[in-house]
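Going line by line, the protein sequences match chains A and B. With my numbering, letter number 190 in the first sequence gets 188, and the count goes up by one each step, no holes. With my numbering, letter number 60 in the second sequence gets 73, and the count goes up by one each step, no holes. Report on one structure; see the data block that follows.
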Amino acid sequence: MHIDPEALDASLRALRHAPREPDLERALGTVVQAVQRIFGCDGAGLMFTDPSGALRYVTATDELGRGLEVVQAELGEGPCVEAYLRARVVSCDDLTGDRRWPVLARRLNGAARVRGVLAAPVRLAGTPVGCLNLYATEPRPWDGADRRSPGRHDADRHALAAYAELIEQTIAASLAAEHTGALARQLEHALHSRVMIERAIGFLMADRGVDAGEAFERLRREARSGRRRVAHVAAELLGEPITDA
Amino acid sequence: MFPYSRAHRRTMSADVVAGALRSSARAAGVTGTGLILLNGDAPHAIGGSDVDAARLERAQIALGSGPAFRCMVGGKPVAVCDLPTGYPDGHPELAPYTGPVHAVLSVPIRVRGLVSGSLDLYDHRPHPWSRRQIGTARGLADVMADMLFLLAAQRAPVSASLPGVTP
């Protein structure tokens, strides 16, 4: 690490006398706004998981982005849900024609003003707890020819993943400063539901002899067919109590 | 879990800032980033995302000059195309101490409206900085400012819960 902890500590003490109280929600909003401006998108938003394992809206730059997040939270499907569950960046050039999320596409059909979506998982201590997303109101080929780094095919994905890390570091700053018991409990729930899914995947791999991808797909198919949360199916499989939001 | 010892908090704060500098470099698509903060009127080299960034910050503090100083005094971004070339496109006095660092962009970090330091982006190759890159750096400086403010105000009762997420 190339940081001088003494100099940092002294400088932070000097900042402590600022007249206004710190605000984690505002700080997270700053990251989301920076993402929107930098990518030149129509909007950006942030979701965290609730105790049932469902993604919930936390902040968005506008009502349209908020609507996208709310619909995905209701349906339990979409690029943001996928990014969180699969713990990887997910891109969608045009939601209305995307067969990966048929219910979402139908729901948006006709009134669809959100088209291109790019979503990255937000982690805490290595475990996904949420999703940072961008959207465009026109179809958008992510990592296309007009990107910031034309020679780099996946520049958008890498940059959004880096901003998702900044979300994690902003939360870590709040936790390091012992700001909030409420936030710690929220994140504890988020971590719990994710760990439940990972344990269920491990159980299926050992019990059914499938790989992690197939184990995850089985959980998801079961959740979709019963219109339930993946975390609920995982808890049931493990014989654990199901926590509702 | 709480309360942390002062030494533990200090280590956690340093980890957060180190991680944020590395993530900022990736987000901006530059080789590295460094941080200088004011303690009162005195600037301190906090560090960088890598050894070259940390060396750049220490050199500026040791010599009392560089893009970060101009940035903190003027309160606006200062773009340097190539350190070894003559002022104002470069800062040749720094070049002997900054190894492979060539292009540098310094943007002010404002905490509650006051200039509190400088976020410095650098690249190994010389180049002019575009308006888009300057906008990206400004956004990252805003993110860093809020993060530092959270770290500074320890044990404050901030934002009791996030909307939509039930504790």
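The C-beta atom is built at its ideal place from N, Cα and C for all residues, glycine as well.
Report yes if the CB atom of residue i is closer than 7 Å to the CB atom of residue j, and no otherwise.
i: Phe162(B); j: Val124(B); result: yes
i: Pro137(A); j: Asp92(A); result: yes
i: His115(B); j: Pro139(B); result: yes
i: Thr135(A); j: Asp40(A); result: yes
i: Leu132(B); j: Ala166(B); result: no
i: Leu66(A); j: Tyr133(A); result: yes
i: Ile165(A); j: Val120(A); result: yes
i: Ala162(A); j: Leu122(A); result: no
i: Thr44(B); j: Ser37(B); result: no
i: Arg23(B); j: Asp7(A); result: yes
i: Ala158(B); j: Ile122(B); result: yes
i: Ala210(A); j: Ile199(A); result: yes
i: Val29(B); j: Ala171(A); result: yes
i: Val120(B); j: Pro101(B); result: no
i: Leu53(A); j: Leu164(B); result: no
i: Ile169(A); j: Ala31(B); result: no
i: Leu51(B); j: Gly130(B); result: yes
i: Gly128(A); j: Phe46(A); result: yes
i: Met25(B); j: Ala174(A); result: yes
Could you compute how far the alpha carbon of residue i sits from the alpha carbon of residue j?
i: Leu235(A); j: Ala204(A); result: 13 Å
i: Glu72(A); j: Ala72(B); result: 54 Å
i: Gly53(B); j: Arg226(A); result: 55 Å
i: Ala213(A); j: Thr94(A); result: 28 Å
i: Ala5(A); j: Ala103(A); result: 52 Å
i: Asp136(B); j: Glu196(A); result: 40 Å
i: His57(B); j: Ala118(A); result: 34 Å
i: Leu69(B); j: Leu134(B); result: 10 Å
i: Leu34(B); j: Pro3(A); result: 14 Å
i: Ser62(B); j: Pro100(A); result: 43 Å
i: Thr111(B); j: Asp65(B); result: 7 Å
i: Ala40(B); j: Ala159(A); result: 8 Å
i: Arg150(A); j: Leu22(A); result: Residue placement at Arg150(A) cannot be trusted, given a pLDDT of 47 that sits under 50; the coordinates are not used to answer.
i: Val68(A); j: Phe82(B); result: 46 Å
i: Arg84(A); j: Pro77(A); result: 10 Å
i: Gly63(A); j: Gly148(B); result: 22 Å
i: Asp250(A); j: Glu61(A); result: The structure shown has nothing for residue 250(A), since chain A only spans -1 to 243.
i: Pro148(A); j: Val117(B); result: For Pro148(A), the pLDDT reaches just 45, beneath the cut-off of 50, and the residue's location in the model is therefore unreliable, leaving the point undetermined.
i: Gly59(A); j: Val156(B); result: Note on identity: in this sequence residue 59(A) is Thr, with Gly being the wrong assignment. The alpha-carbon atoms of Thr59(A) and Val156(B) are separated by roughly 15 Å.
i: Met85(B); j: Gly60(B); result: 17 Å
i: Val30(A); j: Asp154(A); result: 15 Å
i: Pro80(B); j: Arg151(B); result: 15 Å
i: Ala25(A); j: Arg206(A); result: 44 Å
i: Arg219(A); j: Gly42(B); result: 38 Å
Suppose the cutoff is 8 Å on Cβ atoms and the five residues either side in sequence are ignored; what does the same chain contact list for residue i look like?
i: His230(A); result: Ser50, Gly51, Ala221, Ile240
i: Arg97(A); result: Ala103
i: Met194(A); result: Gly51, Ala229, Ala232, Ala233, Leu236, Glu238
i: Arg19(B); result: none
Residues of chain A with a CB under 9 Å from the CB of residue i: which are they?
i: Ala81(B); result: Correct list: empty, because the minimum Cβ distance to chain A is about 14 Å.
i: Asp95(B); result: None at all; the shortest Cβ gap to chain A is about 20 Å.
What does DSSP give as the partner residue(s) for residue i in the beta ladder?
i: Ser131(B); result: Ile49(B), Pro121(B)
i: Cys129(A); result: Met45(A), Pro119(A)
i: Arg54(A); result: Phe46(A)
i: Val88(A); result: Ala117(A)
i: Pro56(B); result: Leu51(B)
i: Asp136(B); result: Ala116(B)
i: Val91(B); result: Ser119(B)
Residues of chain A with CB closer than 8 Å to the CB of residue i, please, in chain order.
i: Met85(B); result: Under the 8 Å cutoff, chain A gives no residues; its nearest Cβ is about 13 Å from Met85(B).
i: Asp54(B); result: None at all; the shortest Cβ gap to chain A is about 10 Å.
i: Leu76(B); result: Those do not exist, as Leu76(B) stays about 17 Å from chain A at its closest Cβ, beyond 8 Å.
So which residues of chain A does residue i contact, with C-beta pairs closer than 7 Å?
i: Asp133(B); result: The contacting residues do not exist; Asp133(B) stays about 13 Å from chain A at best.
i: Leu164(B); result: Leu10, Ala171, Ala174, Ala175
i: Ala67(B); result: His0
In chain B, which residues lie with their C-beta within 8 Å of the C-beta of residue i?
i: Ala170(A); result: Met25, Asp28, Val29, Gly32
i: Asp7(A); result: Arg23, Ser26
i: Thr59(A); result: Those within 8 Å of Thr59(A) in chain B number zero; the least Cβ separation is about 13 Å.
Please list, in chain order, the chain C residues whose beta carbon lies closer than 7 Å to that of residue i.
i: Ala134(A); result: This model lacks chain C altogether; the protein chains it does include are A and B.
Which residues of chain B have a Cβ atom closer than 9 Å to the Cβ of residue i, listed in chain order?
i: Ile36(A); result: Ala40, Ala41, Arg145, Gly148, Thr149, Gly152, Leu153
i: Leu83(A); result: Within 9 Å Cβ-Cβ: nothing; Leu83(A) doesn't reach chain B, min ~17 Å.
i: Ala123(A); result: In chain order: nothing, as chain B lies at least about 11 Å away.
i: Val120(A); result: Neighbours of Val120(A) on chain B: none; closest Cβ ~12 Å, over 9 Å.
Taking Cβ-Cβ distances shorter than 7 Å, what residues in chain B pair up with residue i?
i: Ile1(A); result: Ala27, Val30, Ala31, Ile59, Gly60
i: Glu72(A); result: The contacting residues do not exist; Glu72(A) stays about 12 Å from chain B at best.
i: Arg206(A); result: Neighbours of Arg206(A) on chain B: none; closest Cβ ~33 Å, over 7 Å.
i: Arg14(A); result: Ala165, Ala166
Take residue i and list the residues in its own chain whose beta-carbon comes closer than 6 Å to its own, dropping the five residues that flank it on each side.
i: Asp144(A); result: Model confidence at Asp144(A) stands at a pLDDT of 43, short of 50, so the residue's coordinates are unreliable; what they give is reported in the following sentence. Counting only Cβ-Cβ distances below 6 Å, and skipping sequence neighbours, we find nothing.
i: Pro141(B); result: Cys94
i: Thr98(B); result: none
i: Gly27(A); result: Thr57
i: Gly177(B); result: The pLDDT assigned to Gly177(B) is 45, lower than 50, so where the model puts this residue is not dependable; a value taken from the coordinates is nonetheless given after this. No residues qualify anywhere along the chain.
i: Ser89(A); result: Leu116, Trp140
i: Ala92(B); result: Leu118, Trp142
If you drop the 5 nearest sequence neighbours on each side, which residues of the same chain put their C-beta closer than 7 Å to that of residue i?
i: Glu106(B); result: Leu76, Ser78
i: Arg111(A); result: Leu62, Thr135
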